[in-house]
Amino acid sequence: MLQKVITKQHEDIVSLVAAHTQVSKKNIFTFLDFTSFLSELLKLSANWSHLISIGAVIPEVAIAADRANLETKELLGKTPFSNKIDQFLIQLENINQPIYLSNPNRITGGNFSLKDINKIMNSFPDSLIIIDEYYFDFFGITANSLAKENNNVVVLRSFTSAFGIGSCDTGYAIASKKLIEQIEYLVGQKTISATIRKSILATIFNDEASRLYLKEINNESLRVATLLNKLGVQSRIVAGDFLLIRVKDPVSFGNFLIKYKIDIENLDGYPQMKKYMKYRIQSRLSNDKFLDVLNRMPSHFYTMSKKGLSAFSIRRSGENIIKSESHLGTNKTDFQNNNRIDANKMNSNKKVFLK
Numbered sequence: 200m201l202q203k204v205i206t207k208q209h210e211d212i213v214s215l216v217a218a219h220t221q222v223s224k225k226n227i228f229t230f231l232d233f234t235s236f237l238s239e240l241l242k243l244s245a246n247w248s249h250l251i252s253i254g255a256v257i258p259e260v261a262i263a264a265d266r267a268n269l270e271t272k273e274l275l276g277k278t279p280f281s282n283k284i285d286q287f288l289i290q291l292e293n294i295n296q297p298i299y300l301s302n303p304n305r306i307t308g309g310n311f312s313l314k315d316i317n318k319i320m321n322s323f324p325d326s327l328i329i330i331d332e333y334y335f336d337f338f339g340i341t342a343n344s345l346a347k348e349n350n351n352v353v354v355l356r357s358f359t360s361a362f363g364i365g366s367c368d369t370g371y372a373i374a375s376k377k378l379i380e381q382i383e384y385l386v387g388q389k390t391i392s393a394t395i396r397k398s399i400l401a402t403i404f405n406d407e408a409s410r411l412y413l414k415e416i417n418n419e420s421l422r423v424a425t426l427l428n429k430l431g432v433q434s435r436i437v438a439g440d441f442l443l444i445r446v447k448d449p450v451s452f453g454n455f456l457i458k459y460k461i462d463i464e465n466l467d468g469y470p471q472m473k474k475y476m477k478y479r480i481q482s483r484l485s486n487d488k489f490l491d492v493l494n495r496m497p498s499h500f501y502t503m504s505k506k507g508l509s510a511f512s513i514r515r516s517g518e519n520i521i522k523s524e525s526h527l528g529t530n531k532t533d534f535q536n537n538n539r540i541d542a543n544k545m546n547s548n549k550k551v552f553l554k
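Counting in my numbering, the sequence shown runs from 200 upward without gaps.
In structure tokens:
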């Protein structure tokens with residue numbers, strides 16, 4: 200059983216998170232690993248059989264659901280970037296299953312307003328609504344207020360996403376006092392290593408470093424996208440630390456970059472993401488290396504036909520970078536195969552979700 204961080208050291212971290220997010224300590228639960236915690240969260244009811252995802256999910260979410268013996272069902276809009284919530288709600292009937300929403304989406308960057316999330320909550324009062332705010336620092340819209348006041352909403356945050364630390368998957372949940380008490384009872388407690396504690400404290404305290412990192416990512420996203428556009432490469436800026444790139448031949452495009460040790464993720468296997476690649480924005484030096492390699496690449500690897508061209512997409516005004524309130528990918532290089540992951544089933548006892 201996954202356990203929660205304990206002792207005075209844990210209380211220190213919770214107090215800092217509470218001050219940083221302006222919520223009560225009783226509304227916060229910290230976790231050491233996103234996938235493990237989500238898996239435990241999905242065991243709160245013995246009556247659940249599916250995890251309903253609004254939009255595509257990352258492999259970690261599918262694995263977590265599989266460990267909880269739940270089948271993942273992805274609801275899709277008219278496009279992978281659809282932000283009209285009614286396109287998704289119309290696909291749902293009266294259900295009593297957990298609903299997962301990554302806002303912004305970790306694959307497509309698609310996002311929803313607080314009004315949309317409130318509509319989901321009101322439409323399905325008997326479902327647990329899980330809002331993954333991994334990219335909150337890049338986006339700025341949060342469901343904190345809904346999570347604090349409603350027993351069926353939980354917000355998941357990362358300690359390190361605003362610092363580009365992909366190797367550390369620690370984070371925290373924000374929910375009502377009643378739901379947090381239930382999670383504490385069912386999930387349990389666990390000590391935290393000095394190394395992880397140091398990393399968490401460094402991110403919580405370091406608003407200036409976070410601000411500078413977010414500013415760099417914002418500026419580099421625009422610069423790289425502009426240069427890609429000049430090369431004739433389709434790209435889309437999102438509220439996150441990556442760019443979406445659409446190319447004619449993902450396999451050849453990816454393999455060419457691999458020869459020069461440039462990491463990029465092939466999204467071709469995800470729903471509605473045919474011919475899309477995901478490039479993680481890095482330092483200016485690393486991004487320049489990526490652009491230099493593209494200049495050497497045969498243009499027929501990436502130049503779309505006129506029929507496949509679409510307008511160059513810039514971040515919407517509602518997706519501005521704001522001062523960090525909190526702080527929590529892997530690059531894939533297998534371009535020959537579908538990138539979706541089928542996790543091994545892991546049996547576990549299910550609990551009862553209390554309303």
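Positions of the beta carbon are idealized from the N, C-alpha and C atoms, including for glycine.
Bear in mind the structure is a predicted one, so any value in this text is a computation, not a measurement.
Going straight from the alpha carbon of residue i to that of residue j, what length do you get?
i: Q381; j: D487; result: 49 angstroms
i: F323; j: N295; result: 8 angstroms
i: P303; j: Y334; result: 6 angstroms
i: Q286; j: I330; result: 18 angstroms
i: V222; j: G339; result: 16 angstroms
i: R266; j: K314; result: 32 angstroms
i: T307; j: A342; result: 20 angstroms
i: F489; j: Y478; result: 9 angstroms
i: Y384; j: K225; result: 13 angstroms
i: V423; j: L327; result: 39 angstroms
i: I513; j: V432; result: Low confidence applies to I513: its pLDDT is 43, below 50, so where it sits in the model is not reliable, and the reading given next is rough at best. In a straight line, the C-alpha of I513 is about 14 angstroms away from that of V432.
i: T359; j: I395; result: 11 angstroms
i: G439; j: V386; result: 30 angstroms
i: E210; j: V216; result: 10 angstroms
i: M503; j: E270; result: 36 angstroms
With DSSP as the reference, identify every bridge partner of residue i, one or two as the case may be.
i: K477; result: L443, E464
i: E273; result: S252
i: A217; result: BP columns for A217 are empty, so no partner.
How is residue i classed by DSSP in three states: helix, strand or coil?
i: S357; result: strand
i: I284; result: coil
i: R230; result: Before going on, a small fix: residue 230 reads as Phe here, not Arg. F230: strand per DSSP, three-state reduction.
i: I257; result: coil
i: S485; result: helix
i: S223; result: coil
Ordered along the chain, which non-local residues of its own chain (more than five positions away) have a Cβ less than 8 angstroms from that of residue i?
i: V620; result: Limits of the chain in this structure are 200 at one end and 554 at the other, which puts residue 620 out of reach.
i: S375; result: N226, A346, K347, E348, N349, N350, V352
i: S214; result: K224
Whose C-beta lies closer than 7 angstroms to the C-beta of residue i among residues of the same chain, with five residues either side of it excluded?
i: I189; result: Lying outside 200 to 554, the shown extent of the chain, residue 189 is not represented and no answer is given.
i: L378; result: N350, V353
i: L426; result: L490
So, for residue i: in the same chain, excluding its five sequence neighbours on each side, which residues have a beta-carbon less than 6 angstroms away from its beta-carbon?
i: D301; result: Rather than Asp, the amino acid found at residue 301 in this sequence is Ser. Excluding positions up to five away in sequence, the list reads D331.
i: A263; result: T234, L237, S238
Taking one C-beta from the segment 393-405 and one from the segment 241-248 each time, how about it: are there three or more such pairs within less than 8 angstroms? no
Three or more beta-carbon pairs under 8 angstroms between the segment 232-240 and the segment 272-282, yes or no? no
Counting pairs of beta carbons, one from the segment 434-447 and one from the segment 469-476, are three or more of them closer than 8 angstroms? yes
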